[in-house]
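Numbering (full-length UniProt numbering), first residue to last: 1 to 408.
Cβ coordinates follow ideal geometry from the N, Cα and C atoms, glycine included.
Being a predicted model, the structure only gives us computed values, none of them experimental.
Beneath this line is the structure, given in structure tokens, with notes to follow.
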């Protein structure tokens with residue numbers, strides 16, 4: 001089976017979407033059912049993906065175009081289907097919602113739905129960007145043959161905003177998988193931290209819904225009240241975003257320039273080291289679609305404090321300490337951190353929901369269900385049907401129990 005994954009995206013530095021696409025490519029390439037993965041990225045993204053893969057099944061294809069909204073969206077509409085039809089994959093997978101015309105593709109098209117931010121939290125994008133993001137999300141949801149939601153919380157939001165999905169569409173929930181390997185024994189000198197440092201860790205892009213300001217305020221409160229020793233630091237890993245300037249201003253106002261470290265573009269091995277050596281992982285978000293950093297922190301058996309929102313309860317279950325965002329969230333977070341530090345560290349077993357084998361099996365089950373559904377649709381090539389039927393025959397029974405179709 002040949003899967004094409006579209007991952008061309010604006011940021012030049014790795015984001016959650018990049019990691020999702022890279023993880024999915026490696027996950028599928030490690031299965032015997034998938035013989036080839038064509039991963040489509042922009043030339044400005046190529047370096048990250050080149051250092052990620054080891055499988056000969058993955059063909060990394062970089063597209064050279066202007067990295068502007070107009071150029072990218074025009075390529076999604078017309079360049080991507082032309083490339084996909086030339087490569088003749090059995091299935092085209094959109095790693096995030098992007099605008100496309102279904103009639104131009106000869107293969108089934110499946111899209112990942114990470115969240116419903118354009119509807120639930122449009123201020124994340126700013127205006128007029130939020131209007132276009134909402135339009136592209138709606139068009140992607142409407143045109144896809146199948147939708148893979150990254151969590152039950154995202155699926156619930158999808159059904160809330162799109163209660164009348166077309167009868168031909170299949171919708172399922174498939175979690176992201178944790179791909180981080182082992183941390184290096186020693187860090188390079190590029191990071192301003194070493195083995196002697198005590199630190200709390202937060203991994204989040206600088207966006208309003210991530211509530212990084214709450215983490216900084218809570219950290220300041222703990223320092224001023226001597227609940228943390230005077231050498232403890234707060235390490236925040238994430239790309240710059242709309243909140244970056246405000247975060248710098250807050251750090252300056254609280255005189256935490258030497259105590260709060262804002263890092264970005266670090267290697268996966270360095271991120272592993274941070275997870276393994278932090279005193280605690282903090283996730284104060286008000287809204288998330290999945291939150292891969294939380295799943296990674298669980299993988300490394302970190303102490304975890306996170307906001308009490310449905311997705312964190314879904315992912316973290318009883319392994320996290322939760323705090324309320326109502327009232328004074330910074331004080332609530334600081335008290336939760338104190339409580340978590342008093343508890344013994346629990347080295348729990350790995351969660352199979354985020355394992356490569358489980359996630360790969362769920363994707364293959366979903367693809368076989370798409371194949372079964374496509375047989376009754378007009379315009380699907382016979383050879384595409386045949387390629388999927390071999391897999392579908394083996395997996396049809398499991399697929400039927402895991403994938404639901406939402407009709408008008």
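Item: In DSSP terms, what residue 423 is bridged to; Value: As displayed, the chain neither begins before 1 nor continues past 408, which places residue 423 out of reach and without an answer.
Item: C-alpha distance - residue 78 paired with residue 36, whole-angstrom precision; Value: 23 Å
Item: Three-state secondary structure assigned by DSSP to residue 381; Value: Here the model assigns residue 381 a pLDDT of 41, short of 50, so the residue's position is not dependable and the matter cannot be decided.
Item: Member of 44, 47, 116 and 40 whose CA lies at the smallest distance from the CA of residue 59; Value: 40
Item: Length of the line joining the Cα atoms of residue 292 and residue 176; Value: 7 Å
Item: Beta carbon of residue 3 nearer than 8 Å to that of residue 89; Value: yes
Item: As assigned by DSSP and simplified to three states, the class of residue 42; Value: strand
Item: Residue 359: first and last residue of the uninterrupted alpha helix (DSSP H) it sits in; Value: 356 to 374
Item: Boundaries (first-last residue) of the beta strand (DSSP E) holding residue 275; Value: Element bounds for residue 275: not the beta strand (DSSP E) but the alpha helix (DSSP H), 268 to 277.
Item: Cα-Cα separation between residue 275 and residue 296, rounded to whole angstroms; Value: 8 Å
Item: Neighbourhood of residue 268 by C-beta distance below 7 Å, restricted to the same chain and skipping five residues each side; Value: 180
Item: Top-ranked residue by Cα proximity to residue 215, from 173, 242 and 286; Value: 286
Item: For residue 29 and residue 5, believed in contact at Cβ under 8 Å, the rounded distance; Value: With 8 Å as the limit, residue 5 and residue 29 do not qualify as a contact, their Cβ atoms being about 10 Å apart.
Item: Alpha-carbon to alpha-carbon, residue 371 and residue 15; Value: 31 Å
Item: According to DSSP, residues forming a beta bridge with residue 306; Value: 283 and 322
Item: Burial state of residue 238 (16 or more Cβ within 10 Å); Value: buried
Item: Residue 302 vs residue 316 beta-carbon contact at 8 Å; Value: no
Item: Spatially closest choice to residue 280 from 105, 240 and 346, by CA coordinates; Value: 346
Item: Within the stretch 205 to 276, ranges of the beta strand (DSSP E) (whole runs, at least 3 residues); Value: 233 to 237 and 260 to 263
Item: Selection from 284, 13, 310 and 277 that minimises the alpha carbon distance to residue 300; Value: 277
Item: Nearest neighbour of residue 45, chosen from 65, 54 and 34 [CA to CA]; Value: 65
Item: Contacting residues, own chain, Cβ-Cβ under 7 Å from residue 394 (five flanking each side not counted); Value: Low local confidence applies: a pLDDT of 47 at residue 394 is under 50, so the model's placement there is unreliable, with the coordinate-based value given in what follows. For residue 394, where only same-chain residues beyond five positions count, there are no Cβ hits under 7 Å.
Item: Option nearest residue 62 by Cα separation, candidates 48, 164, 207 and 236; Value: 48
Item: Close beta carbons around residue 218, own chain, < 6 Å, minus the five adjacent residues each side; Value: 330, 333 and 334
Item: Other residues of its chain near residue 383: CB distance less than 7 Å, five sequence neighbours each side excluded; Value: Residue confidence for residue 383 is low, a pLDDT of 41 falling below 50, so the modelled location carries little weight; the figure read from the coordinates is stated next. Nothing listed; no residue qualifies.
Item: Cβ separation of residue 154 and residue 327, assumed to be a contact under 8 Å, to the nearest whole Å; Value: So it is not a contact: roughly 27 Å between Cβ atoms.
Item: DSSP state of residue 291 mapped onto helix, strand, coil; Value: coil
Item: Endpoints, the alpha helix (DSSP H) within which residue 331 is located; Value: 329 to 342
Item: Straight-line Cα distance separating residue 374 from residue 385; Value: Unreliable placement is indicated for residue 385, whose pLDDT of 42 sits below 50; the coordinate value is still reported in the next sentence. Distance between the alpha carbons of residue 385 and residue 374: 7 Å.
Item: Three-state secondary structure (DSSP) of residue 34; Value: coil
Item: Beta-carbon spacing of residue 178, residue 312 below 8 Å; Value: no
Item: Check whether residue 134 and residue 119 have beta carbons under 8 Å apart; Value: yes
Item: Helix, strand or coil at residue 6 [DSSP, three-state]; Value: strand
Item: Cβ separation of residue 122 and residue 211, assumed to be a contact under 8 Å, to the nearest whole Å; Value: 17 Å between Cβ atoms; not a contact.
Item: Local Cβ density within 10 Å of residue 206, reported as buried at 16 or more and exposed below that; Value: buried
Item: Segment contact flag, the stretch 225 to 233 with the stretch 107 to 117, C-beta cutoff 8 Å, min 3 pairs; Value: no
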